[in-house]
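Numbering (the numbering used here), first residue to last: 1376 to 1478. Ideal Cβ positions, reconstructed from N, Cα and C, are used throughout, including at glycine. Since the structure is predicted, the reported quantities are computational estimates derived from the model, not experimental observations. This report refers to the structure that appears directly beneath it.
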């Protein structure tokens, strides 16, 4: 969940500087993701994957599962259909991020 501290988050000074501008916007999206997930009785990862699968042209999202139970969880997203208002709730606060770290 958003706001949890990890060892990397505490020690990664480069990451802190690179993503500080987009942090507030991303937090708002994460809050909305939590709300939609709770309403559907699904995990955030399932809703995020269901959102990706609702997009035309997304044929093979990279899910990053490293354990069998994570893969099992994400496979349930295939049967999850988001309503248009849920998709809008997730997308409305999005702002395009500038490319950072490269000149």
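What is the residue span of the alpha helix (DSSP H) that residue i lies within?
| i | result |
| --- | --- |
| residue 1387 | First-last for residue 1387: undefined, no H or E at that position. |
| residue 1463 | 1459–1466 |
So what does DSSP say about residue i, is it helix, strand or coil?
| i | result |
| --- | --- |
| residue 1435 | coil |
| residue 1412 | helix |
| residue 1423 | helix |
| residue 1450 | helix |
Under 8 Å Cβ to Cβ from residue i, same chain only, skipping five residues before and after it: list those, please.
| i | result |
| --- | --- |
| residue 1326 | The structure shown has nothing for residue 1326, since the chain only spans 1376 to 1478. |
Note down, in chain order, each residue of its chain lying with its Cβ closer than 7 Å to the Cβ of residue i, except the 5 sequence neighbours on either side.
| i | result |
| --- | --- |
| residue 1417 | 1455 |
| residue 1379 | none |
Since residue i contacts residue j with CB under 8 Å, what's their CB separation in whole angstroms?
| i | j | result |
| --- | --- | --- |
| residue 1424 | residue 1404 | Wrong, their Cβ atoms sit about 15 Å apart, outside the cutoff. |
| residue 1411 | residue 1464 | 6 Å |
When the distance is taken between beta carbons, is residue j closer than 8 Å to residue i?
| i | j | result |
| --- | --- | --- |
| residue 1449 | residue 1440 | yes |
Take residue i and list the residues in its own chain whose beta-carbon comes closer than 6 Å to its own, dropping the five residues that flank it on each side.
| i | result |
| --- | --- |
| residue 1419 | 1408 and 1412 |
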